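Letter by letter, the sequence shown follows residues 1364 to 1682 of my numbering.
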Amino acid sequence: MKRMVAMLGVALAMLVTGCAGPGPGAGPEVSAPSVASPSAPATSPSVASPRGSATASRPAKLLTIVEENHSEQTALARMPYLAELSANYGRTRAYSALAHPSLPNYLALAGGSTFGVTDDASPAAHPLPGPSVFDQAISAGRTAKAYIEAMPSPCALSNSRRYAVRHNPWTYFADPAARAHCQAYDVPAGTPSAGALHDDVTAGTLPTLGWVTPDLCNDAHNCPLRVADDWLRGWLPVIMDGPDFRAGRLAVVVTFDEAEGSGPNTVLTTLIAPGVRHVVSAANCTHYCWTRYAAELTGTPPLRQAAGSPSLSTAFGLR
1364 MKRMVAMLGV
1374 ALAMLVTGCA
1384 GPGPGAGPEV
1394 SAPSVASPSA
1404 PATSPSVASP
1414 RGSATASRPA
1424 KLLTIVEENH
1434 SEQTALARMP
1444 YLAELSANYG
1454 RTRAYSALAH
1464 PSLPNYLALA
1474 GGSTFGVTDD
1484 ASPAAHPLPG
1494 PSVFDQAISA
1504 GRTAKAYIEA
1514 MPSPCALSNS
1524 RRYAVRHNPW
1534 TYFADPAARA
1544 HCQAYDVPAG
1554 TPSAGALHDD
1564 VTAGTLPTLG
1574 WVTPDLCNDA
1584 HNCPLRVADD
1594 WLRGWLPVIM
1604 DGPDFRAGRL
1614 AVVVTFDEAE
1624 GSGPNTVLTT
1634 LIAPGVRHVV
1644 SAANCTHYCW
1654 TRYAAELTGT
1664 PPLRQAAGSP
1674 SLSTAFGLR
């Protein structure tokens, strides 16, 4: 009797096992997709790591931040936050500014030419004809906006405390249409918690072509590079947390107007975009590469010397 009960138990166990599913050798087991625990901590926005949509290799918007007067080597050595972003996303190693002092480089970026300017004089001394890249964008039905830290009023044409007009290139384009655009869209930047740039970032309404000039301390002109690095550490997580970047619409460029001294004028240009990973571009570029890229994004002809330049998009494989 006991033997019969044991045999019935074995048979029952085999029947249950058969209902539970195929055993070894019956075919691969399909695992359920893993789901992150709701309590898992999110990545901190202060961590310089690739974020956003991995499929967005062709952003439709560009936001550019221009720092001051330091070479590629110096920036990488003294700005650890920017250096980490450069390593995780992309950076140049053969990108040259075009001149000394500052102003010709800003004009080259915004206008595709230095216009023969060799000094840092005000817009009154250098009223430039024709459009800037910002004006071209607006005329073509795109959007453009410059966010200028410490500027006392829109499109201010003279220096004021920590605002240097020579670092605000839109103010130099003097045609009536350009001046009207500047008055409307060249605005005080505000802070990471309030103001024009914060509001456009958080609303997902950054322009097609955006420009940011930090003040004379935060751009490393009058203060150490660690101050500029801390300024980026305060702003970039806010920008990268915004809808434009998270949706893959936005690329952020951080560059320098010129290198210090009279040696090689090689500057660091960092490109932060969701589809860019650990790129070190050896492409020979100047500020005109940026100007050419701005024209591509806005669907406009490249201005002046930028017409004969390669594009920053090619250097980073964005096209």
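Using N, Cα and C, we set each Cβ at its ideal position, and we do this for glycine too.
None of these values were measured; they are calculated from a predicted model.
First and last residue of the uninterrupted alpha helix (DSSP H) at residue i
i	result
residue 1566	1559-1566
residue 1625	Careful: residue 1625 lies outside any alpha helix (DSSP H) and carries neither H nor E.
residue 1496	1496-1502
residue 1654	1650-1661
residue 1735	Residue 1735 lies beyond the stretch modelled for the chain, which goes from 1364 to 1682, so this question has no answer here.
residue 1608	1606-1609
Closest residue to residue i among the options (Cα-Cα distance)
i	options	result
residue 1582	1572, 1569, 1573, 1598	1598
residue 1545	1566, 1500, 1565	1500
residue 1677	1451, 1653, 1661	1653
residue 1631	1552, 1587, 1619	1619
residue 1558	1578, 1512, 1591, 1603	1512
residue 1579	1570, 1568, 1591	1591
residue 1435	1629, 1680, 1666	1629
residue 1447	1670, 1646, 1635	1635
residue 1668	1637, 1495, 1493, 1475	1475
residue 1563	1520, 1509, 1526, 1525	1509
residue 1560	1468, 1507, 1610	1507
residue 1493	1514, 1540, 1449	1540
residue 1505	1517, 1550, 1468, 1571	1571
Assigned secondary structure, residue i (DSSP; H/G/I helix, E/B strand, else coil)
i	result
residue 1616	strand
residue 1518	coil
residue 1431	coil
residue 1580	coil
residue 1681	coil
residue 1338	The chain is shown from 1364 up to 1682; residue 1338 falls before or after that span and cannot be answered.
residue 1554	strand
residue 1672	coil
residue 1542	helix
residue 1525	coil
residue 1455	strand
Inter-residue Cα distance where the pair is residue i and residue j
i	j	result
residue 1458	residue 1674	12 angstroms
residue 1470	residue 1522	17 angstroms
residue 1574	residue 1441	24 angstroms
residue 1615	residue 1542	26 angstroms
residue 1623	residue 1644	22 angstroms
residue 1484	residue 1656	27 angstroms
residue 1593	residue 1497	28 angstroms
residue 1426	residue 1438	20 angstroms
residue 1548	residue 1423	19 angstroms
residue 1671	residue 1648	12 angstroms
residue 1478	residue 1429	20 angstroms
residue 1568	residue 1608	11 angstroms
residue 1679	residue 1460	18 angstroms
residue 1606	residue 1681	20 angstroms
residue 1454	residue 1638	14 angstroms
residue 1688	residue 1621	No information on residue 1688 is available, as it lies outside the stretch 1364 to 1682 that the chain covers here.
residue 1565	residue 1613	13 angstroms
7 angstroms Cβ shell around residue i - same chain, five flanking residues per side excluded
i	result
residue 1407	Low confidence applies here, because residue 1407 scores a pLDDT of 34, under 50, leaving its location unreliable and the question unanswered by this model.
residue 1472	1532, 1650, 1653, 1654
residue 1585	1579
Host beta strand (DSSP E) of residue i (start-end)
i	result
residue 1593	Where residue 1593 is concerned, there is no enclosing beta strand (DSSP E), although the alpha helix (DSSP H) it sits in stretches over 1588-1603.
residue 1510	1507-1511
residue 1551	1549-1551
residue 1644	1642-1644
residue 1445	Element bounds for residue 1445: not the beta strand (DSSP E) but the alpha helix (DSSP H), 1443-1451.
residue 1573	1572-1576
residue 1634	1633-1635
Neighbourhood of residue i by C-beta distance below 6 angstroms, restricted to the same chain and skipping five residues each side
i	result
residue 1596	1444
residue 1535	1486, 1489, 1491
residue 1663	1499, 1503
residue 1665	1655, 1658
residue 1529	1465, 1466, 1483
residue 1553	1559, 1560, 1561
Residue i beta carbon near the ligand PLP (any heavy atom closer than 7 angstroms)
i	result
residue 1529	Because no ligand of any kind appears in the structure shown, any question about the ligand PLP cannot be addressed here.
Beta-carbon proximity list for residue i, same chain, < 8 angstroms, skipping 5 on both sides
i	result
residue 1625	1463
Residue i at chain B interface by Cβ criterion, 8 angstroms
i	result
residue 1541	The question asks about chain B, but that chain is absent: this structure has only one protein chain.
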